[in-house]
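Q:
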DNA sequence: ATCGTTTCTGACTACGTTGTCAGACGCAAC
DNA sequence: GTTGCGTCTGACAACGTAGTCAGAAACGAT
């Protein structure tokens, strides 16, 4: 009878090493050895075990393994819960790197605007059981995380715990922003305006500083930055305040540039003839905007593998030191399209 | 003597119920009862235990719990590894719904273009240990998944296993596409062209069918659909092939509309004066494009909670039947902006 | 023959939790 | 007094795996 209450007994437990051992005619310990690829197993025993395991559809029980080893082979990721291109791409890259390393991947998102959400997410992951935590938060609310008992690596400026460690040197983002601004200055623009990201995000501050540094390196006083919020809406609002004399703008991200572009359009200012525009992120749509957007392409894969690498070295039973050989440094890249041009000589 | 437990001794295992029990002067089993909020614990014992647990920084070991109960309190999600707005938003919504339900959330992404990737991702999740699996794949390569031993719920058309179950009725997407197309027909357009998503994605097929149905319902023969691939690049390519007589286009998603819009611009055709445009997704940039894009807003939160709800009812020790009371049906919504207008009367 | 070494195997146990069950206690009804 | 029944408690036995250790078997060197 199919009753709604699932009070059945047919829920059999999946086969364990003991079942495999019985079928193969060996001991449970030998099965364990085969499964873990230990030494000192005869070829004959190994084959018997593998055959039996396949026949029963055996899968090692990770809970039992974690119980006895004290390791979960699992890392937790605290990520900004957002479909923004940056965080979403980073999450995909992190999952790929993690699975490639044979670790499983648990996510706890943080909604925006809640200062204690990061601590909550960390606590949640610890309660679920993880060996380490990656903090993929573009903002730095996590300054004062409590000690967690497991290593925490932040993908940018953040927590200042003894056990935490900043994975990505903050120089990289700033450097590529400098490059973007220099591109505009080289085109002949006297100064470059900037629509910043929120300044309580370290990502926002780094991009701002890279922009400012590019000016200072040439002895130019940067104009006052406009305030954006990563969204097209913020870019649009900033666009309304952009002074008439501005001929070049570096936006903190592509969405901001989209909003700004709309505001310029409505004001009858053409891109790039009247105003040159550079974004940041290289979202898929960037190449197909009108005009196609000059922007900075990020290297999420590189950042993700690097951060995971750093974390894994902090794990107990870690990878040996092996100094920095693996993988080239993540590299960002300026993609020049049609939204940038020399300023019109005006007379 | 100040009891500052958990000082250093970093190599020590974290405290267990036995340690809490010793400190509290009760049995380990009583600690278990307190932690699990079981009945028949005196207020006095409960307080002693809670105090001791707090002092030691005790956290229940999920591995041991999973070992004995045979449940992980964890669901796995197989998702398309992509920063596309749709999949990324769905992932965020699923994480939120899952954590709200007290389950932990493990992700396995599938790279595009690999037919066996879904099976691999499922196997990976099963190896890590999950109680159920949500398939958040907009395409349907997973038609022939092997039996998994745990319930699998797909967020759309997909696997045809006995234990799987389709969560979202396929009618919803089609219905909102119909609405979008009807909006264009109501404006006076004779027909509406369509730039489809890939047709090996069920999402692509559903949107195509909704578009076609809207025509048939009015006795109109739909024009041949153009082929897109969700990307602006695909939309651009489709735009190059759009016949001159087309006055209205329904794009399978917003990115496609962005690419198409660019192609139209280059051809000197204005939106919406010459061609009306409707997208799908309502990405954040949609409202700030030039012109702001009419599009269909999705309800990821609603879909996610619904799918999780269905899955949880299939779990052993499930939620009681409780027929369909919880949560309103997910609702999509046409957002009319400036990219749609009546056709120019041409004479 | 005896010894040592390498290879292989399985019995036993520990990991931290929950399920089972027996028993102690208090209290009300007989 | 006894009986019955809720309430509370702890001893004990699992769960499925990996670590420890003792020992068997094979083989070469003494």
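Protein chains in written order, with the working numbering: chain A, 16 to 362; chain B, 16 to 362. All C-beta atoms in this analysis are idealised placements derived from N, C-alpha and C, irrespective of residue type, glycine included.
(1) Between the alpha carbons of residue 269 of chain B and residue 296 of chain B, how many angstroms are there, rounded?
(2) Nearest to residue 148 of chain A by alpha carbon, out of A:329, A:105, A:200 and A:253?
(3) Under a three-way DSSP split, which group does residue 276 of chain A fall into?
(4) What residue range does the beta strand (DSSP E) around residue 147 of chain A cover?
(5) Rounding to the nearest angstrom, what Cα-Cα distance links residue 263 of chain A and residue 308 of chain A in this structure?
(6) Using the Cα positions of residue 108 of chain B and residue 95 of chain B, report the straight-line distance between them to the nearest angstrom.
(7) According to the Cβ coordinates, are residue 216 of chain B and residue 238 of chain B closer than 9 Å?
(8) Using only alpha-carbon positions, find the residue among A:170, A:165 and A:166 that is nearest to residue 155 of chain A.
(9) Using a Cβ-Cβ cut-off of 6 Å (strictly less than) and excluding sequence neighbours within five positions of residue 86 of chain A, which residues of its own chain qualify?
(10) Let me know the secondary structure DSSP gives residue 209 of chain A once reduced to three states.
(11) How is the alpha helix (DSSP H) around residue 133 of chain A delimited, first residue to last?
(12) Could you tell me the distance, in whole angstroms, from the CA atom of residue 70 of chain A to the CA atom of residue 52 of chain A?
(13) Under 8 Å, with one C-beta from each stretch per pair, do the stretch 220 to 231 of chain B and the stretch 244 to 258 of chain B reach the 3-pair mark?
(14) So which residues on chain B does residue 371 of chain A lean against when the C-beta distance must stay under 8 Å?
(15) For chain A, is any of its Cβ atoms less than 9 Å away from the one on residue 295 of chain B?
(16) Should the stretch 60 to 77 of chain B be called in touch with the stretch 34 to 41 of chain B, which here means at least 3 C-beta pairs below 8 Å?
(17) According to DSSP, is residue 104 of chain B helix, strand or coil?
(18) Using only the alpha-carbon positions, how far apart do residue 340 of chain B and residue 163 of chain B sit?
(19) Exposed or buried, what is residue 55 of chain A when buried is set at 16 or more other beta-carbons lying within 10 Å of its beta-carbon?
(20) Do residue 204 of chain B and residue 306 of chain B count as a contact pair if the criterion is CB distance below 9 Å?
(21) Going by DSSP, what residue range makes up the beta strand (DSSP E) through residue 89 of chain B?
(22) Could you check which residue in A:119, A:151, A:213 and A:81 has the C-alpha nearest to that of residue 104 of chain A?
(23) Under the three-state reduction of DSSP, which class applies to residue 305 of chain A: helix, strand or coil?
(24) For residue 276 of chain A, would you say it is in contact with chain B, using Cβ-to-Cβ distances shorter than 9 Å as the test?
(25) Under the three-state reduction of DSSP, which class applies to residue 348 of chain B: helix, strand or coil?
(26) For residue 29 of chain B, which option in A:285, A:280, A:88 and A:82 has the closest C-alpha, if you only look at C-alpha atoms?
(27) Is it buried or exposed, residue 360 of chain A, if we count other Cβ atoms within 10 angstroms and call 16 or more buried?
(28) Taking residue 287 of chain A and residue 356 of chain A to be in contact with their CB atoms under 8 Å, please state how far apart those CB atoms are, rounded to whole angstroms.
(29) Where residue 13 of chain B and residue 168 of chain A are concerned, what is the direct C-alpha to C-alpha distance, given to the nearest angstrom?
(30) Tell me where the beta strand (DSSP E) around residue 262 of chain B begins and ends.
(31) With DSSP run on the structure shown, which of helix, strand or coil describes residue 323 of chain A?
(32) Leaving out five residues before and five after residue 47 of chain B in sequence, what residues of the same chain have Cβ atoms less than 7 Å from its Cβ?
(33) Tell me the residue span of the beta strand (DSSP E) that contains residue 312 of chain A.
(34) Considering only C-alpha positions, which residue in the set B:93, B:88 and B:312 is nearest to residue 190 of chain B?
(35) Starting from residue 188 of chain A, follow its DSSP beta bridges and name the residues at the other end.
(36) Going residue by residue through the stretch 51 to 91 of chain B, where are the continuous alpha helix (DSSP H) segments of at least 4 residues, counting only ones entirely within it?
A: This is what the structure gives:
(1) 6 Å
(2) A:329
(3) helix
(4) 147 to 151
(5) 13 Å
(6) 14 Å
(7) no
(8) A:170
(9) 146
(10) strand
(11) 132 to 143
(12) 19 Å
(13) no
(14) This structure cannot speak to residue 371 of chain A, because chain A is shown only from 16 to 362.
(15) no
(16) yes
(17) helix
(18) In this prediction, residue 340 of chain B has a pLDDT of 49, which is less than 50 and means its spatial position is unreliable; nothing more can be read from the coordinates.
(19) exposed
(20) no
(21) 89 to 95
(22) A:151
(23) coil
(24) yes
(25) strand
(26) A:82
(27) exposed
(28) 4 Å
(29) Given that chain B is displayed from residue 16 to residue 362, the structure contains no residue 13 of chain B and the question cannot be resolved.
(30) Per DSSP, residue 262 of chain B belongs to no beta strand (DSSP E) and is neither H nor E.
(31) helix
(32) 32
(33) 310 to 312
(34) B:312
(35) BP columns for residue 188 of chain A are empty, so no partner.
(36) 58 to 71 and 77 to 84
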